[in-house]
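Our numbering puts the first residue of the sequence shown at 1, with every later residue one more than the last. Note that CB positions come from ideal geometry on N, CA and C, so glycine has one too. Let me begin by presenting the structure, written as structure tokens, before commenting on it.
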Amino acid sequence: MKKIENSKIYWYAVVSVLIISLSGFSQSIDADAPMKSNFLTSNTDGNEIDATASWNPSSSTSLTINLLNSDLLTVEQYDAVVYVITTTDSIELDDDFLNKENSNLKSKYYLGWTGAINAAQKNKSTNTIPSNYNILRSSVGDGDIIIQFSKQKDPLGYSGYTKSILQNDMIVQSHITIYDVDHMEISDLTTIVRHEFGHALGLDHSTISDGLMAPVILTALPYISECDVYDVQVLYGGNEYENNACTT
């Protein structure tokens with residue numbers, strides 16, 4: 001775990017840009033360039049439905065994640081996408097940095113979904129939270145979670161789009177599209193993949209405007225918060241955390 005020590009001087013110096021060097025690449029997050037996301041669910045007939053759902057794989061089942069058209073990515077971009085899915089790295093920030101009321105406490109942010117899911121699994125849940133992944137590169141659209149990369153720009157200005165297919169009130173496949181990848185910085189790519197993978201797990205858009213899962217990503221900390229972990233736990237039928245302060 002990487003930990004940012006208490007230093008208001010440092011925080012004010014970086015203002016809205018946080019640079020973290022991890023696993024051989026740097027991330028710089030600029031809140032002046034927000035990205036938009038779209039998310040919908042449909043049944044197996046292709047009809048759009050208004051529903052929230054989760055996966056429920058067996059504990060030994062691995063979900064296949066197909067990085068479709070990943071040949072459009074640079075080596076650095078590809079490594080960054082895999083990192084967002086598989087890393088257990090996290091950071092901690094003092095709450096006074098974040099203007100939270102409990103300034104003597106710290107907030108944890110997960111840089112990848114594997115670490116966040118490991119945290120969510122500490123509480124029992126009714127449905128199994130998918131945590132085993134088999135990542136492959138393919139030009140064919142097979143897989144449980146398909147992340148398709150495109151050079152095209154979305155006509156409505158979305159950077160990412162996720163469609164999940166439901167059967168018997170459970171997710172059976174999620175298809176993510178990431179647009180305009182040949183003009184996308186690694187920092188933006190990791191942010192939008194991190195966001196869309198949250199949708200693929202079943203999370204809807206959040207009403208917290210400065211959160212990772214907001215429909216327009218404005219946060220200078222586009223990582224998976226403890227509130228996102230809480231939302232995963234509740235979505236999969238777990239007991240609510242004690243003294244939870246998250247509101248979505």
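Nearest neighbour of residue i, chosen from the options [CA to CA]
i: residue 63; options: 175, 76, 51; result: 175
i: residue 168; options: 232, 143, 118, 41; result: 41
i: residue 132; options: 121, 141, 139; result: 121
i: residue 50; options: 115, 164, 210; result: 164
i: residue 166; options: 47, 36, 148; result: 47
i: residue 79; options: 208, 172, 193; result: 193
i: residue 138; options: 108, 70, 53; result: 70
i: residue 150; options: 59, 36, 68; result: 68
i: residue 147; options: 233, 231, 73, 234; result: 73
i: residue 52; options: 223, 180, 170; result: 170
i: residue 152; options: 187, 134, 180, 195; result: 180
i: residue 39; options: 234, 187, 178; result: 178
Whole-angstrom distance between residue j and residue i, CA atom to CA atom
i: residue 43; j: residue 88; result: 33 Å
i: residue 76; j: residue 55; result: 30 Å
i: residue 217; j: residue 156; result: 16 Å
i: residue 227; j: residue 191; result: 17 Å
i: residue 221; j: residue 123; result: 25 Å
i: residue 199; j: residue 184; result: 20 Å
i: residue 197; j: residue 82; result: 11 Å
i: residue 162; j: residue 237; result: 22 Å
i: residue 1; j: residue 91; result: Low per-residue confidence applies at residue 1: pLDDT is 43, beneath 50, and the placement is therefore not dependable enough to give any value.
i: residue 172; j: residue 144; result: 7 Å
i: residue 111; j: residue 57; result: 24 Å
i: residue 36; j: residue 215; result: 6 Å
For residue i, the first and last residue of its enclosing alpha helix (DSSP H)
i: residue 196; result: 186-201
i: residue 235; result: 226-235
Host beta strand (DSSP E) of residue i (start-end)
i: residue 109; result: 106-110
i: residue 148; result: 145-149
i: residue 162; result: 160-167
i: residue 135; result: 133-138
i: residue 40; result: 35-43
Coil, strand or helix - residue i by DSSP
i: residue 114; result: helix
i: residue 209; result: coil
i: residue 77; result: helix
i: residue 70; result: helix
i: residue 82; result: helix
i: residue 172; result: strand
i: residue 94; result: strand
i: residue 181; result: helix
**Request:** Would you be able to state if there are at least three C-beta pairs under 8 Å between the region 78-87 and the region 198-217?
**Result:** In short, these stretches do not touch, since the Cβ pair count stays below three.
**Message:** Tell me whether the region 139-157 and the region 119-128 touch, counting them as touching only if at least three CB pairs, one residue from each stretch, are closer than 8 Å.
**Reply:** Two segments are said to touch when three or more pairs of C-beta atoms, one from each, lie closer than 8 Å; by this definition the region 139-157 does not touch the region 119-128.
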